[in-house]
Structure formats: C-alpha cells, structure tokens
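Asker: The sequence shown runs 0 to 112 under numbering that gives the first Met the number 0.
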Amino acid sequence: MATSGRLRYNSCHAFPRTRDDLRYRLADLEAQGSGHLLFVIQGDRMLLIHKKKGLGAGKINGPGGRLEPGETPARCAVREVQEELGVTVREPEWAGRLHFQFLDGYSIRGDVF
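1. Between the stretch 51-60 and the stretch 70-83, can you find at least three pairs of beta-carbon atoms closer than 8 Å?
2. Evaluate the contact criterion for the stretch 77-84 versus the stretch 93-101: three or more CB pairs, one atom per stretch, below 8 Å.
3. Go through its chain and collect everything with a Cβ distance to V39's Cβ below 8 Å, but skip five positions before and after it.
4. Just mark D103 as buried or exposed, buried being the case when its beta carbon has 16 or more other beta carbons within 10 Å.
5. Return helix, strand or coil for R78, following the three-state DSSP convention.
6. Taking Cβ to Cβ, would you say S33 is nearer than 8 Å to R74?
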C-alpha cells in the first residue's frame, strides 16, 4: 500500500495516465456483478440509506440493487427504491454508469439514476 496525503492505493494498480489508458483498462475488465442505484433528490436534499448487510454493509449510499430476470436497469432501480423506502419513483433520470473494481478481482458495473 502506498500513501499520498490522505489517498491510499495499491502501488501495483497504478492510475491510468491518459484517457486512452483508462478506456483500454475499463474495456478489458468484465464485471462479475451489476448493481443499479437511484438517488432520490428533492430540492437540495438527498435521501440516502445506511447499508445493513451485504457488500458495503455499514456504509451510506443511495438505494438500489441487482437486476431480476427480464428487468431493465431503470426498472430495477425503481423497484429497489419502492422495496427499501416505500417511495414510488415515476420517471427516473439516467445519470451515468459506475464500475467498481476491487483489489481481489471482483467487479461490479451499474447504472445510476
């Protein structure tokens, strides 16, 4: 582990130096899982959850989860918000895609709404 100020990283996983390096490295990685998040925002407030179990337990995040068979990422995110918070989202707005790569090789790719 190397440390740079408050940033800690594994020295054998160097940061990409150029945009092309980043594109190559992300394209080369296959995600083993998918997780889709939906951040509920009202005015200047955001509704977050405290993860109780599973990957990220003890952390704060937006509600979300894994796809069920035949489900789109948007429908998955809406369903998870309804199940976890009892809030019905009518028109989720896609905000981007995340890729989490863990040092043990496990990776997750998902959409954010």
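Glycine included, every Cβ here is placed at the ideal spot set by N, Cα and C.
Answerer: Walking through what the data contain:
1. no
2. no
3. For the purposes of this step, residue 39 is taken as residue 40 along the sequence shown, with counting starting at 1. Excluding residues within five positions, the ones whose Cβ falls inside 8 Å are M45, L46, G61, P62, V80, L84, V86 and V88.
4. On the sequence shown, residue 103 is found 104 positions in, with the first residue counted as 1. Its Cβ having fewer than 16 others within 10 Å, D103 is exposed.
5. Position 79 of the sequence shown, counting from 1, holds the residue named residue 78. Correct three-state label for R78: helix.
6. Counting from one through the sequence shown, the residue named residue 33 turns up at place 34. Counting from one through the sequence shown, the residue named residue 74 turns up at place 75. No, these two residues do not count as a Cβ contact at 8 Å.
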